[in-house]
Structure formats: structure tokens, C-alpha cells
Amino acid sequence: MPTKIEKDATTGTETTGHEWDGIKELNTPLPKWWLYTFYACIVWGVIYTIVFPSWPTLSSHFGGTSGWTRRGEVAEALAAQKEGQAEIREKIVAMDIDSIRKDPALMGYVQAAGRVAFADNCAGCHGAGGAGAVGFPTLADDDWIWGGKPDQILATITYGIRNTNENSRVSDMPRFGADGLLTKEQIGDVADYVLSLSGTQGNAAAVERGATVFAENCAACHGEKGEGIQDMGAPRLSDGIWLYGGDRKTVVETITYARRGNMPAWIERLDPATVKVLATYVHALGGGQ
Ligand code: HEC
Ligand code: HEC
């Protein structure tokens, strides 16, 4: 039962007027600074929900008077990043790869952007870091089928290999067995000869017969000593590095059916700056000439 409000003798604080069995309740209100901060937070909260996207509505949500969205912020950041890169990418398109390589700032960009573009577009066939796989040449060594000079690499990547682009690199090894150009025995002999080029000892008589078959049928593309001819896209056969495999069975299969691997013309899929970045990146992977 409320009684009268009085001052407590011990603490000097007013009582609330409540009393139970002689025990009186002191009135200790919230500190003023706390209370006003609390009110300020409420006001700030209300303003916030008006300015920024906040309350759900039946079909969507109240967007706020400022029109701000997180999505918009990301789009702006992306646009700004693109604009920041536009200058450097224009430079890369305009410059030749040798000059790009001498510019540390551009090379820094090439390394970063090239790694990403390579992982996105090339690693599926050529392996992580250009390590290569059966049928897909290693790009990190200095053994080049179509040439390892900057312009050769750029041309290979730009127009691709054995595709429908009019500038595509094309060179089709004949299907010597499947099309009946050589007999089984001749193919066996020439396979022995090819293997002997990289040091595998075969039957000496077979190797000798194979050498004649090679000179007549293969040297025009692969070179007299199997050293390879880049203009023909014909790999070197004397270095022990194999695109399709260097055991006798695989070599016989290659000669019988040919392989004719394809690569897309990347200029049809990527912008010129990215293609140039990739050519510079691949050239720098370790084996560029
Ligand atoms: C669909 C599979 C595939 C993809 C994806 C691919 N390549 Fe290739 N690439 C090949 C094949 C197959 C060859 C070899 C063709 C041949 O000459 O027999 C090749 C050859 C090359 C060569 C020539 C190598 C040499 O020794 O001369 C370069 C350079 C190259 N690719 C770069 C790239 C780059 C850069 C990308 C990514 C933009 C890429 N490739 C994506 C299949 C692919
Ligand atoms: C018209 C040119 C041409 C002629 C002629 C030719 N080749 Fe090839 N050869 C190529 C090309 C291009 C490749 C690359 C593989 C492909 O087709 O994808 C190749 C690949 C090979 C390979 C696979 C190499 C590897 O690294 O796995 C072998 C082995 C080979 N040739 C042997 C021969 C032999 C033996 C003959 C003669 C009987 C011959 N070639 C004639 C163009 C030719």
C-alpha cells in the first residue's frame, strides 16, 4: 500500500512510497546519460529504417528513401575495378609481348590476371600450371609444337588448332594405317625407327627399313632427323617428350590412325586483352623462347 514519499535517512535517496512490513523501497532512477542515449538509439533506429531498406512488405520490402542496396554497392565496386583495369588492358592490347615483358607493372598484372584466366579456360585441358596431359601439350617446358616465340604462342592461342576459324593452325598427319598408305610391317618398322631416334634400341634391320619409310613419308613434316617442324605443327620425335606416349604400341597407334588434336580459337571466346595476357603468361611459364 503506497504511503507517503519521504527521504531515506541513511542514503539520502527518496523512497517510492511503497512499503512492506516496514521495508521501504528506494527510488533510484536510471542515470540521465544512460536514459538519453537509450532514447537517441530509438530515434536513430527509426530514422535508419526510413532511410535504408528495412521493413518487409507482403510482396517485397520497403526499400528506404536513400535507394542504397548492397548489390548496388558491389556493382559499383566492380565497375570501378574494371575502369581501373581498362587503362592497363588497353596498353597490353597495344603493346607487343616483348615490350610487356620488360615492364614490371604490366608483368605483375599479367601474372595475376593470367593465372586466373588460365585456370578458368585452359587448365581443364592443359593441366594446372600448364603441366600438360596425354594429348594436351605441356606449356611449362621449352618443347613447342607450334613454336615458343611470343608471336607464335599468341597466334596459336588466338586462332587455335584444327578448328573452323579461317586462321586456325592446321596440319593433318595422314592416317597411314587406317587409310592403307603403309602396310602393318612398314608401320612397325617406322615405329622402331622413330623410337630409335630417342634412344630406344629396336631390331637393327627393322630400324634400317624404317629409316627409308620415314624419309619417304614422314620427313616432310617431322624433319629429316625427326627434329620436328613448327610450321607443320609436327612435333619433334627425337627428344623423348611425347604428346601421346612413347611406348611402341602407342606410337604404332599414332602412325596408324593419326591424332589431330583440337583447340578452340580463343579470340572467339575471350577479349583481345585476355588473349594477350594469356599468351604472355604462357610464354612466362618457363619455356618461352
Ligand atoms: C579443349 C582442350 C583445350 C583447351 C581448353 C585449351 N587447349 Fe591449348 N591445346 C589443345 C591441344 C589438343 C593442343 C595441341 C594440338 C596439336 O597440335 O596437336 C593445344 C596446344 C596449345 C598450344 C601450343 C603448344 C605448342 O607446343 O606449340 C598453346 C600455346 C596452347 N594450347 C595454349 C592454350 C591456352 C592459353 C588455353 C586457354 C585459353 C588453351 N590452350 C586451352 C587443347 C586445348
Ligand atoms: C602432314 C604432316 C605429317 C606427316 C606426313 C607425318 N606426321 Fe606425324 N604428326 C604430324 C602432326 C601435326 C602431329 C601432331 C599430333 C596431332 O596430329 O595432333 C604428328 C604426330 C606424330 C607422332 C606423335 C608424337 C607424340 O609426341 O606423341 C608420331 C609418333 C608421328 N607423328 C609419327 C609420324 C610418322 C612415323 C610419320 C610417317 C609415317 C608421320 N608422323 C608423318 C604431322 C605429320
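Using numbering that gives the first Met the number 0, the first residue of the sequence shown is number 0, and each one after it goes up by one. Note that CB positions come from ideal geometry on N, CA and C, so glycine has one too.
- Every alpha helix (DSSP H) of 4 residues or more that sits fully in the stretch 87-127 is shown, in chain order, as 96-100, 103-120 and 122-125.
- Between L181 and R247, the C-beta spacing is not below 8 Å.
- According to DSSP, residue pairing for P55 in a beta bridge involves H60.
- Exposed is the label assigned to Y243, since fewer than 16 other Cβ atoms lie within 10 Å of its Cβ.
- The stretch 115-122 and the stretch 262-274 touch, with no fewer than 3 CB-CB distances between them shorter than 8 Å.
- Residue environment analysis places V206 among the buried positions, since at least 16 neighbouring C-beta atoms fall within 10 angstroms of its C-beta.
- The Cβ neighbour count for T157, taken over all protein chains shown within 10 Å, is at least 16; the residue is labelled buried.
- Straight across, the Cα-Cα distance linking Y256 with D178 is about 8 Å.
- When C-alpha distances from R161 are compared across A210, L105 and G232, the shortest belongs to G232.
- Put simply, the backbone Cα of W145 is about 7 Å away from that of D230.
- Taking 7 Å as the cut-off, one finds at least one heavy atom of ligand 2 near enough to the beta carbon of D171.
- The beta carbons of A272 and I91 sit closer together than 8 Å.
- Taking 8 Å as the cut-off, the Cβ atoms of D191 and G176 do not count as close.
- Per DSSP, T14 is one residue of the beta strand (DSSP E) stretching across T14 to W19.
- Your pair A112 and V276 checks out as a contact, with CB atoms roughly 5 Å apart and the cut at 8 Å.
- For R208, the three-state secondary structure derived from DSSP is helix.
- Excluding residues up to 5 positions away in sequence, G128, G129, A130, L284, G285 and G286 lie with their Cβ nearer than 7 Å to the Cβ of A139 in the same chain.
- For the options G11, T15, T10 and T9, the alpha carbon positioned closest to that of K3 is the one of T15.
- Taken from the Cβ of H221, every heavy atom of ligand 1 lies 7 Å or farther away.
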